[in-house]
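These protein sequence lines map, in sequence, to chains S and G.
So in our numbering, the last spot in the first sequence is 219, and the numbers never skip.
So in our numbering, the last spot in the second sequence is 755, and the numbers never skip.
Just below is one structure, and these are the notes that go with it.
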Amino acid sequence: MRENYNMHSIEQVIVIDDDHPSLFLCKIILEQKFANKKIVTYNNPLTAIDYFKSAFSENPIETLLLVDINMPEMSGWEVLDFIIELDQEIKKLITVIMLSSSIDPKDEQKAKDHPSALAYLEKPLNIEELEEAMNIG
Amino acid sequence: MNTLQDSEENKNGPTDLTKKLLLATKAAGIGLWEYWYKENHFICDDVLLSQYNLTPSTFGGTYEELMEYFHLDDKIRVYQDLKDAYDQNSNETEFRVIWKDKSLHYIKAVVIVERDSEGNPEHLIGTHQDVTPTKRIQEVIKDSELHMAEAQRLANIGSWSFDFKKDRLIWSDQLYIIFGTDKETFLETHKSFIHLVEEGDRNFVEQTSIYTQQTGEPFKIEYGITTSSGEKRVIEEHGYGQRDAEGVICKLFGTAQDITERKKTAKIIEESEAKYRTLIESSLDCIFLAVKGGNVLTANATARHMFQMTEKELCDAGRSLVDQTDPRFQVLLEERERTGKARGELTFIRKDGTRFPAEASSVIFKDAEGLEKTSMTIRDITERKLAEEKVSMTSAALQQTLTDLNRIMTSSLDIICTINEDGKFAKVSAASEKIWGYTPAQLHEKITIDMVFKEDVEKTMKVASEVMEGSPVHLFENRVVHKNGSLVPMLWSARWDMDHKLMYCIAKDATEIKRLEEERMKIVNDLIQRNKELEQFTYIVSHNLRAPVANIMGFAEALENNSYSENLKKEVLSQLAVSVSKLDEVTRDLNEVLLIKEHVNDVREELSFSKLVENIQISIQNLLDECDIKIETDFSEVDKLVSIKSFIHSIFYNLITNSIKYRSLDKCPFIFIKSYKSHEGTQLIYSDNGFGIDLNKHQHNIFGLYKRFHQHIEGKGVGLFMIKSQIETLGGTIQLNSAVNRGAVFQIYLPFQTAKA
Chain S
83 MRENYNMHSI EQVIVIDDDH PSLFLCKIIL EQKFANKKIV TYNNPLTAID
133 YFKSAFSENP IETLLLVDIN MPEMSGWEVL DFIIELDQEI KKLITVIMLS
183 SSIDPKDEQK AKDHPSALAY LEKPLNIEEL EEAMNIG
Chain G
-1 MNTLQDSEEN KNGPTDLTKK LLLATKAAGI GLWEYWYKEN HFICDDVLLS
49 QYNLTPSTFG GTYEELMEYF HLDDKIRVYQ DLKDAYDQNS NETEFRVIWK
99 DKSLHYIKAV VIVERDSEGN PEHLIGTHQD VTPTKRIQEV IKDSELHMAE
149 AQRLANIGSW SFDFKKDRLI WSDQLYIIFG TDKETFLETH KSFIHLVEEG
199 DRNFVEQTSI YTQQTGEPFK IEYGITTSSG EKRVIEEHGY GQRDAEGVIC
249 KLFGTAQDIT ERKKTAKIIE ESEAKYRTLI ESSLDCIFLA VKGGNVLTAN
299 ATARHMFQMT EKELCDAGRS LVDQTDPRFQ VLLEERERTG KARGELTFIR
349 KDGTRFPAEA SSVIFKDAEG LEKTSMTIRD ITERKLAEEK VSMTSAALQQ
399 TLTDLNRIMT SSLDIICTIN EDGKFAKVSA ASEKIWGYTP AQLHEKITID
449 MVFKEDVEKT MKVASEVMEG SPVHLFENRV VHKNGSLVPM LWSARWDMDH
499 KLMYCIAKDA TEIKRLEEER MKIVNDLIQR NKELEQFTYI VSHNLRAPVA
549 NIMGFAEALE NNSYSENLKK EVLSQLAVSV SKLDEVTRDL NEVLLIKEHV
599 NDVREELSFS KLVENIQISI QNLLDECDIK IETDFSEVDK LVSIKSFIHS
649 IFYNLITNSI KYRSLDKCPF IFIKSYKSHE GTQLIYSDNG FGIDLNKHQH
699 NIFGLYKRFH QHIEGKGVGL FMIKSQIETL GGTIQLNSAV NRGAVFQIYL
749 PFQTAKA
């Protein structure tokens, strides 16, 4: 999706996960790495979708999006399906990384095959792994 | 007592001549008597008394006493003759005297009447002469003559004598009858006799007569005559010449007999004999005539040919012609002895010792002499026997085939049947009774399609018409309605026979095959289910179990991070605790799910839906009150169920708590539960007016474990999975009809279960 990633060009980080402890953990880890950046967590993917549709579309910024896969009402894949439909200009600002507690290799494979997902990371979130994924990706 | 001697003395004494006469009469056996009317005086001499077997000492003296001895039949005649004597002065008579010893004697009597001067009878003188011997001889002669005539008449033999010197021919009466000639008109000459003889025979008759006149040799000739009435007769004549004292032949004597009838009979016999002989000789059967139990008398040409023997050899052979070791021979002999005839098959032996079977019939009869004879006819049945054997062999083979076929028809476990053009059963094998409950006889003429389950009739008809068009069918499946109403799955193979217009079918009971197939399908389905469960389990492990673990790992790492403030660390610890409890919860849920399988063998007991729901209501009364939810039930059709109590409780509990959890907030929430009787089970309809589930989106995983469909409400995603697992463990099914904000309707089917320990 993106040719070059620069951790430092990221202006905000959005995490979508229905699991509260997981969201909390992501937040404290990400706050350390992206100290001066905006960290937003969404417990409900639908709320996140609304954000992308409205505020984000009006004022798009360089965004790192971490999405959990297994959620009720809307799965991480569905979120991906939404992202891919966004305008190219907006879409190019979003770096999507799938973040899942699943250790099922099929999930990892599916993420790698998905054109909208940069990488697949196993929970718990680890900064070194994140940086590596972004640099390689 | 007066005697003649007395009278002599009393009457002035007899003269010398008188004395001499008296002596003579006495010597001649002539008895004398006298009677004087006037004096009524009777006298008689000893000779006369002896004729009555009397003596002077035993005689009373009156003529009446003597007349007592007269034969009763003669008395009146003797009186009459005596009366006649008065008129004629003398008379003769004869009468019979019966002595006291009952012997009969003939008396010839003469009486002379002497009259007085006025002419009145004064004195009777009579003689008695015993003529018994003469009388006897006369009777004998008379009898002989009568006998002779009678004999001639009976034998139809006449006698003749011919004085050829005087040309005088004397015939007996019978001879006139034989020659049919009148005694009055017959001239008693040789010529008149010859005239009656057939012209052709005359010369030879005359020659014979002349020869005998010359030689005296006896002769026996036969010749034909024509009677005066024109009738032809045959005469047999015997004759011989009689010689006079000088040895010269003077007369011919002879007899003649009418043998016309005998001749005719002989001719008839001869003819019929010839006829029978021809018949017998030309018969294709052997014919024997034999003395009973003895020699063969005659045997015909066929017999000679059949036994390859001459008639003499056959006659000598006798019973050795029959194979006497054949037990049927004795049986036949006994039967013939008992009933006079017998018929049966025997074995006979030819001259060369070879044997042949024959049908023999024999009859015992008496010939003219009263001799018991037997006739036997024999017909060679070798050919017939061979033919019979052939037929019997063919028939035996046929019988064997039939027996085999029959055995197949009776022992086949599949139904073998033929169906005719009209679609009726022609022949059905015995297995029909076991498979369909109908005996072959009950099915005969029954329309086959009537046996087929109505849902399968159409496809069966289609296949049947294809078969009749010439394409055989193999393993066609349909269902037949058993006599008891149950459905029997069948597998048919059928072929149409054009020549006999019959469909030959083999119908196999597919119940077992079906059962095995179903069992296999069930196993496959179970395996698929198991596999799905395993996949799900893997999924659960990789997601649900892994999620809190991942969090815990993350929090543990965070705690080691010294850059975090104490406050943040406190928050991390608190979140760690949440994740740990989550981990605990998931493991407990998993345990519960896995335990469902363990409950399979739990006790089935009778449950009451109404009671069950009531209990649940009581246990969650607070929750119900809080949400103001109404539960309505209708268990009027079915209230009782035999099942695993914990499962049914869990199903209702989960459904009700789900309904509470996902109740519509803008409607007055209610739940309606109703039970129905269903095919071999119970149907439950559970409905609520809650959120419902978007089936378009979640069709495939509504009953999956840890599947949650609502973001705003905390659900574990275990309830529906549990319900489905429990229902399926009970052999039932669950279906959901729902739409967003339209509530949910669950249709649950539970098959009947039997209570078991």
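We put the beta carbon where it would ideally sit given N, CA and C, even for glycine.
Residues Gly717, Leu718, Met720, Ile721 of the same chain have their beta carbon placed closer than 8 Å to that of Asn652 of chain G, with the five preceding and five following residues left out of the count.
Judged by their CB atoms, Ile376 of chain G and Ile278 of chain G are not nearer to each other than the 9 Å cut-off. For Asn118 of chain S, the nearest beta carbon of chain G is not closer than 9 Å to its own beta carbon. At a cut-off of 9 Å between C-beta atoms, His196 of chain S does not count as an interface residue with respect to chain G. Remark: C-beta atoms of Glu220 of chain G and Ile233 of chain G approach each other more closely than 9 Å. DSSP, reduced to helix, strand and coil, places Glu215 of chain G outside both helices and strands of the structure shown, so it counts as coil. No Cβ-Cβ contact shorter than 9 Å links Gly156 of chain G with Thr258 of chain G. Proximity of chain G to Pro103 of chain S at the Cβ level (cut-off 7 Å) is accounted for by Asn549, Gln573, Val576, Ser577, in chain order. Within the region 527 to 544 of chain G, those residues whose Cβ lies closer than 9 Å to any Cβ of chain S are, in chain order, Thr536, Tyr537, Val539, Ser540, His541, Asn542, Leu543, Arg544.
Secondary structure within the region 272 to 297 of chain G: the beta strand (DSSP E) runs of 3 or more consecutive residues, fully enclosed, are 284 to 289, 294 to 297 (chain order). Taking CB atoms only, Pro206 of chain S has a neighbour in chain G less than 9 Å away. At a cut-off of 9 Å between C-beta atoms, Asp189 of chain S counts as an interface residue with respect to chain G.
Between the beta-carbon of Ile379 of chain G and that of Glu343 of chain G there is about 7 Å, and that keeps the pair under the 8 Å contact cut. Per the DSSP secondary-structure output, Met551 of chain G pairs with nothing in a beta bridge.
Closest in alpha carbon position to Arg336 of chain G, among G:Phe607, G:Gly351, G:Ser360, G:Leu319, is G:Ser360. Taking one beta carbon from each stretch, the region 611 to 628 of chain G and the region 643 to 662 of chain G have 3 or more pairs nearer than 8 Å; the two touch. Annotation for Thr399 of chain G: the continuous alpha helix (DSSP H) segment containing it runs 380 to 409. Between the alpha carbons of Trp490 of chain G and Asp454 of chain G lies a gap of roughly 13 Å. For Leu566 of chain G, the neighbours in chain S by C-beta distance under 7 Å run, in chain order, Ile110. A Cβ-Cβ distance of about 4 Å is found for the pair Lys672 of chain G and Asp632 of chain G, placing them in contact under the 8 Å criterion.
Judged by beta-carbon spacing, Tyr77 of chain G lies beyond the 9 Å limit of Leu64 of chain G, meaning their Cβ atoms are not closer than that value. Burial check for His541 of chain G: the Cβ neighbour count within 10 Å reaches 16 or more, so the residue is buried. Interface with chain S (9 Å Cβ-Cβ cutoff): Asn559 of chain G is included. Across the set G:Gly338, G:Asn293, G:Lys339, G:Arg341, the C-alpha of G:Asn293 shows the shortest separation from the C-alpha of Leu319 of chain G. Thr727 of chain G: member of the alpha helix (DSSP H) spanning 717 to 727, first to last residue. With contacts defined by Cβ atoms closer than 9 Å, Ala742 of chain G and Ser685 of chain G form a contacting pair. Assignment of Thr145 of chain S by DSSP, reduced to helix, strand and coil, places it in the strand class. When the beta-carbon positions are compared, Thr179 of chain G and Gly29 of chain G stay at least 9 Å from each other. Across the set G:Ile208, G:Tyr274, G:Asp350, G:Lys273, the C-alpha of G:Ile208 shows the shortest separation from the C-alpha of Cys248 of chain G. Residue environment analysis places Arg231 of chain G among the buried positions, since at least 16 neighbouring C-beta atoms fall within 10 angstroms of its C-beta. For Glu569 of chain G, a Cβ of chain S is located within less than 9 Å of the residue's own Cβ. DSSP, read as helix, strand or coil, puts Gln681 of chain G in strand. A straight-line Cα-Cα distance of about 14 Å links Met391 of chain G and Leu400 of chain G. Under the three-state reduction of DSSP output, Met488 of chain G falls in the strand class. Taking 9 Å as the CB threshold, Pro749 of chain G stays off the interface with chain S.
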